[in-house]
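J.: Pasting in a structure now, in structure tokens, and then I'll have a few things to ask.
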Amino acid sequence: MRDYDFKSIEEKWQRIWEEKKSFKVETDPSRKKFYLLEMFPYPSGRIHMGHVRNYTIGDALARFQRMRGFNVLHPIGWDSFGLPAENAAIKNKNHPAAWTLDNIRTMRKQLKKLGLSYDWDREIATCHPGYYRWNQWCFLKFFERGLVYRKNSTVNWCESCLTVLANEQVIDGNCWRCDGPVVEKEQEGWFFKITDYADRLLENCKLLEGGWPEQVLTMQTNWIGKSFGAEVDFSVEGREEKIRIFTTRPDTLYGATFMVLAPEHPLTTALSRGTGQERAVDDFIRRVRQQDKIDRTAEGGEKDGVFTGARAINPLTGEPIPVWSANFVLMGYGTGAIMSVPAHDQRDFEFARKYGLPVRVVIQSADGDLDGDTMAEAFTGEGNMVHSGRFDGLEGAEGIRAVCDHLQSEGIGKPTVNYKLRDWGVSRQRYWGTPIPIVHCGQCGMVPVPEDQLPVILPLDAQLGNRGQSPLGTLDAFLNAPCPRCGQPGRRETDTLDTFVCSSWYFDRYTCPRNESAPFTTADVDYWMPVDQYVGGIEHAILHLLYSRFFHQVFRDLGLVHCEEPFTRLLTQGMVIKDGAKMSKSKGNVVDPDEIIARYGADTARLFILFAAPPAKDLEWSAQGVEGSFRFLK
């Protein structure tokens, strides 16, 4: 085959597939199904080689399963709400809707040129009212089940995007989307109670073993962060307040020689009042708020603190111990307060040595030679309890149980399970997202919009700008709405939902995407779900993948779905790199898929992608490899 006219060949077959709807499927209980899904793209403008790799891998698997006789669902859509569209609109004096829809048209055309075997009749875009009305419906169902609440809290604030971020969206102290710095601020907002499902999400990780990469399961397990220990109340000398701490080592209570509060803890300021330490504490809090959370808690990082002027009472020894505030304690874990046992915790040890605080050994090593005055580092190993009164001689789990029983009998503590996981903050102070279906009424409070009034339409005439508050707050026509309960004048909620809400259930919507009476039907979702093979990046391990599992468990409790988990198998494909680095415009190492397709054809691009590296490994782009694939096809 000397003349390989790839252009006419590919155009011919792509036209035939489209005209005959070759990859269109229907729910058919008489046939065995296979649901193959790649994570749907954000319509950022044009596809890149990362997209090509992701969708080529998925397409190969879909075609393979069709040849095996399966009824294969292989859909595509657009994760089309979010900050980039709004930021691009502000920059280019365009509207996010126009920018997004134009990008969808471009990327749809590019994907079709790749010859991917999608059922295009199931295409969805999350910015369409026909989709986001069901985001609002989900919000209302969660609200009815007590899984939604509003509170004032310390939140992550992206100074570039000017919006709140969930904990999972802060990567090494920076915004997951723009990589800009994230600081903390006080803000009122809406939260989903994902913590109510912490145990189930953790337990179900066992069901995914063998189908999901071990690394992803480990990341989710660590993020949920379940730990067993005790809550203990410390009285404050001369005050009514109590300081509650969580510890996984109640057997070391006798060695607590000081306490530490997070700078954000409300008692940090309160306890300093009237002690002469007010100014020092206030200055310390202001300084620490500018520090990155990752740096604050990094192993070996500088331990910085201030004495609050208050003293707490060790509940087992009756000894007054100083209460400090330190940068390495965060409000986001436990109670935001710790008992410090420097002899048996390295961070506490470093802090104690820096500030001249006492070190008391209460767990003795087998050698029996530990001395608090001469120790060079904390002893964190196993041993017998010493200098611990009635508990001397007890070891490990036995000592922990005995101390917990004593704390509970005395009413000063109790055995407790703690989680690192925090509730999902879903409020965003931006325009391009799903309006939250709540009306604020002076008489009735926060009132859900009735289901028959959905969707609450996102208006197209908002004034965009970097104000740090939702542009929806500037539109009287949107803001002013009667209270659904009493009919009196009210005001609509102006925050929009986190875009990850859109992607937390889109795989269910694909099973019947044109349904106007429900997000999906039981018959369709029971046939197609779970997704048999999911393909996407590992960067979503504790974002999209955890949120999707949470939504699925809520849907199970609502009786909407019946399978245990949404994704049976997960493939996390590697990146496409060039010259040893991830492709990016700033590095000048980007390869345009359109140029490759125009010069060599889609089959060449796909062949090279599939053969150059195993799917889970990074792929080094090679012009020679592309040429070799082209020659092979000729």
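Using the working numbering, the first residue of the sequence shown is number 1133, and each one after it goes up by one.
Backbone N, C-alpha and C define an ideal beta-carbon position, used for all residues, glycine too.
Model, not experiment: these values are computed from the prediction.
(1) Which class does Ala1748 belong to by DSSP, given the choice of helix, strand or coil?
(2) What separation, rounded to the nearest whole angstrom, lies between the Cα atoms of Gln1301 and Gly1597?
(3) Taking the beta carbon of Arg1479 as the centre, do at least 16 other beta carbons fall within 10 Å, making it buried, or is it exposed?
(4) On the DSSP bridge list, what partners appear for Phe1378?
(5) Can you tell me whether Tyr1160 is buried or exposed, with buried defined as 16 or more other CB within 10 angstroms of its CB?
(6) Suppose you measure from the CA of Val1518 to the CA of Thr1548; what does that come to, to the nearest Å?
(7) As an exercise, report each continuous alpha helix (DSSP H) stretch of at least 4 residues that is fully enclosed by the segment 1611 to 1635, in chain order.
(8) What's the C-alpha gap between Val1493 and Phe1274?
(9) When DSSP labels each residue in this structure, what does Ser1761 get in the three-state scheme?
(10) Is there contact here, the segment 1173 to 1188 with the segment 1229 to 1248, by at least three beta-carbon pairs under 8 Å?
(11) My output table needs one value for Gln1301: the three-state DSSP class, helix, strand or coil.
(12) Under a Cβ-count criterion, where at least 16 other Cβ atoms within 10 Å of its own Cβ denotes burial, should Gln1685 be classed as buried or exposed?
(13) What residue from Tyr1679, Ile1674, Ile1189 and Val1657 has the CA that sits closest to Phe1634's CA?
(14) Which of the three DSSP states, helix, strand or coil, is assigned to Ala1257?
(15) Counting Cβ pairs closer than 8 Å, one from the segment 1747 to 1763 and one from the segment 1724 to 1736, do we hit at least three?
(16) Under a Cβ-count criterion, where at least 16 other Cβ atoms within 10 Å of its own Cβ denotes burial, should Phe1762 be classed as buried or exposed?
(17) Just to confirm before moving on: does the CB-CB distance between Ser1520 and Tyr1386 stay below 8 Å?
(18) Report the start-end ranges of each alpha helix (DSSP H) in the segment 1195 to 1268 that is 4 residues or longer and not cut off at the edges.
(19) What do you get for Glu1431, buried or exposed, if any count of 16 or more other CB atoms within 10 angstroms of its CB means buried?
(20) When DSSP labels each residue in this structure, what does Gly1668 get in the three-state scheme?
(21) Going straight from the alpha carbon of Lys1283 to that of Lys1156, what length do you get?
(22) On the DSSP letters alone, give me the boundaries of the alpha helix (DSSP H) that Ala1539 sits inside.
(23) With 16 as the cutoff for other CB atoms within 10 Å, does Glu1509 come out buried or exposed?
(24) Can you tell me where the beta strand (DSSP E) holding Leu1168 begins and where it ends?
(25) With burial defined as no fewer than 16 other Cβ atoms inside 10 Å of the residue's Cβ, what is the status of Pro1382: buried or exposed?
(26) Among the residues of its own chain, which have a CB less than 8 Å from the CB of Met1133, if the five just before and after it don't count?
(27) If you draw a straight line from the alpha carbon of Leu1294 to that of Gly1437, how long is it in whole angstroms?
(28) Alpha carbon to alpha carbon, what distance is there between Ile1570 and Cys1618?
(29) Are at least three pairs of beta-carbons, each pair with one atom in the segment 1549 to 1563 and one in the segment 1352 to 1366, less than 8 Å apart?
(30) For Arg1443, which residues does DSSP report across the bridge?
(31) Output the distance between the C-alpha atoms of Cys1536 and Ala1362, rounded to the nearest integer angstrom.
(32) Can you tell me the Cα-Cα spacing of Lys1714 and Glu1151, whole angstroms?
(33) Give the C-beta separation of Phe1687 and Val1693 to the nearest angstrom, bearing in mind that I take them to be a contact with Cβ-Cβ under 8 Å.
(34) Between the segment 1655 to 1670 and the segment 1599 to 1612, do three or more beta carbon pairs fall short of 8 Å?
(35) Along the chain, where does the beta strand (DSSP E) that runs through Ile1709 open and close?
(36) Pull the bridge partners of Arg1560 from the DSSP assignment, please.
T.: On the basis of the supplied data:
(1) coil
(2) 22 Å
(3) buried
(4) Glu1363
(5) Correcting the residue identity first, residue 1160 is Asp in this sequence and not Tyr. Label assigned to Asp1160: exposed.
(6) 24 Å
(7) none
(8) 49 Å
(9) helix
(10) yes
(11) helix
(12) buried
(13) Note that residue 1634 is Cys in the sequence shown, not Phe. Minimum Cα distance to Cys1634 is reached at Tyr1679.
(14) strand
(15) yes
(16) buried
(17) yes
(18) 1215 to 1224 and 1228 to 1245
(19) exposed
(20) coil
(21) 46 Å
(22) Before going further, note that residue 1539 is Leu rather than Ala in the sequence given. Its alpha helix (DSSP H) spans residues Gly1528 to Glu1542.
(23) exposed
(24) Lys1165 to Glu1170
(25) buried
(26) With a pLDDT of 47 at Met1133, under the threshold of 50, the modelled position of this residue cannot be trusted, and the question is left open.
(27) 30 Å
(28) 14 Å
(29) yes
(30) Pro1454
(31) 7 Å
(32) 38 Å
(33) 5 Å
(34) no
(35) Val1708 to Lys1710
(36) Thr1628
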